[in-house]
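So the number in the working numbering is just where the residue sits in the sequence shown, counting from 1, plus 18.
These notes are about the structure you will find just below.
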Amino acid sequence: MSSDVFFEQLGRFQSSRPNDYPSWPMADTRGPAVLRVPANTTGRDFFVGDLHGMYLMLEERLDMLGFDPEVDRLFSVGDLIDRGPDNIMALRYLDQPWFFAVLGNHDHMMLDAETDDFARNIWMGYNGGEWARFADVRQLRSLQSKLETLPYVIEIEQPNGGVVGIVHAEVPIGLGWQGFTERLEAERVGRLPKVAIRSATWGRERFWEKTDLPEIDGVDYLISGHTTVNDVRRSGNTFYIDTGACKPFGVMTVATLDKLKSK
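This is how it looks when you write it as structure tokens:
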């Protein structure tokens with residue numbers, strides 16, 4: 019199947035699932051579709067699940083782990099905002115040179131809400147965005163501006179020469195990493211409909227697939243969030259690390275790749 023046919027069929031599937039994918043126009047962003055990051059040869063790389071405004075919890079976890087901002091780095095699977103109490107604190111992290119994040123669907127809804135009334139109503143009425151009604155307008159504008167620069171996926175070079183990928187939601191079933199990132203880059207500049215972007219921020223088809231799926235070709239490991247799990251879940255070479263930090267009895271996963279592989 020050609021790439022064009024694959025994405026045409028995927029786009030029709032997404033359009034048939036309005037409860038799972040946004041039916042409004044997704045906003046354009048200003049950052050790269052793919053952020054490529056060199057290997058960390060002096061410290062540790064940590065990965066954190068969906069933050070959802072739980073930044074005091076994050077600070078406690080980083081303190082417990084002895085996070086050293088001089089040499090360590092923190093990679094987020096997105097959803098920096100909504101549901102938790104400290105959403106504006108995302109600004110503090112987005113300003114740090116050691117913090118990297120991809121766009122999640124909640125982050126994207128904040129951007130979409132700027133130009134689409136339906137998206138604004140869905141975000142504020144049903145998806146935890148009501149905090150924005152009471153926030154300082156200047157801080158909101160600053161946060162929105164920073165979110166607009168985030169990538170959809172991150173590639174992290176490993177000291178051994180491998181690659182770890184990060185995406186908020188999923189790589190579509192049947193697609194490898196290279197085909198996915200190439201399509202994201204084409205969609206980012208407006209040449210094609212936002213089909214891969216919807217999968218990157220909203221998709222759950224791979225997570226719910228009942229049959230065994232092959233590993234995602236072109237990436238050694240993939241770190242994802244979006245769908246809440248009780249504990250870190252591994253499927254093939256994908257780790258799902260959203261352990262419900264903003265939910266009652268939920269926890270925040272902050273772990274190195276080696277720690278994830280040991281679970």
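Don't be surprised by glycine CBs; every beta carbon is placed ideally from N, CA and C.
Computed from a prediction, not measured in an experiment: that's the story for all the values here.
List the DSSP bridge partners of residue i.
i	result
residue 63	91
residue 119	94
residue 273	65
residue 258	242 and 251
residue 53	172
Could you round the C-beta distance between residue i and residue j to whole angstroms and report it? I think they count as a contact, below 8 angstroms.
i	j	result
residue 50	residue 169	5 angstroms
residue 175	residue 273	Rounded, the Cβ-Cβ distance is 19 angstroms, inconsistent with contact.
residue 172	residue 85	Not quite, the Cβ-Cβ distance comes to about 18 angstroms (not below 8 angstroms), so this is no contact.
residue 62	residue 167	About 25 angstroms separates the two Cβ atoms, so there is no contact after all.
residue 125	residue 83	Not quite, the Cβ-Cβ distance comes to about 24 angstroms (not below 8 angstroms), so this is no contact.
residue 67	residue 259	4 angstroms
residue 164	residue 202	That pair is no contact at about 20 angstroms.
residue 109	residue 157	7 angstroms
Residues in the same chain with beta-carbon distance under 8 angstroms from residue i, minus the five sequence neighbours each way, listed in chain order, please.
i	result
residue 42	130, 134, 136, 137 and 140
residue 238	176, 180, 181, 182 and 255
residue 153	105 and 106
residue 199	51, 52, 171 and 173
residue 231	191, 224, 253 and 254
residue 261	67, 246, 247, 248, 249, 250, 268, 269, 270 and 271
residue 208	46
Can you tell me which of the options puts its alpha carbon nearest to the alpha carbon of residue i?
i	options	result
residue 103	95, 159, 132 and 70	70
residue 22	34, 193 and 66	193
residue 185	232, 143 and 245	245
residue 91	65, 243 and 261	65
residue 142	241, 238, 229 and 127	127
residue 226	252, 52 and 279	252
residue 189	229, 242, 153 and 165	242
residue 278	116, 268, 159 and 240	240
residue 96	120, 113 and 89	120
residue 205	45, 164 and 230	45
residue 247	230, 222 and 276	222
residue 236	267, 207 and 197	197
residue 60	116, 266, 157 and 228	116
residue 257	88, 266, 276 and 268	276
residue 195	233, 209 and 268	233
residue 55	93, 114, 228 and 209	93
Closer than 6 angstroms by C-beta to residue i: which residues in its own chain qualify, once you throw out the five before and the five after it? Chain order, please.
i	result
residue 149	105
residue 216	32 and 39
residue 281	250
residue 213	25, 28 and 29
residue 53	169 and 172
residue 35	none
Taking 7 angstroms as the limit between beta carbons, can you name the residues of its chain near residue i, skipping five residues before and five after?
i	result
residue 101	70, 71, 146 and 264
residue 220	38, 39, 40, 123 and 187
residue 12	With the chain covering only 19 through 281, there is no way to say anything about residue 12.
residue 144	none
residue 288	Residue numbering for the chain in the displayed model covers 19 to 281; residue 288 lies beyond these limits and cannot be assessed.
Are the C-beta atoms of residue i and some chain B residue less than 9 angstroms apart?
i	result
residue 255	In the displayed structure, chain B is absent; only one protein chain is listed.
Sequence ranges, beta strand (DSSP E) only - wholly within the region 165-226, length at least 3: Counting only runs of 3+ residues, the beta strand (DSSP E) found wholly inside the region 165-226 occupies 171-175 and 181-185, in chain order.
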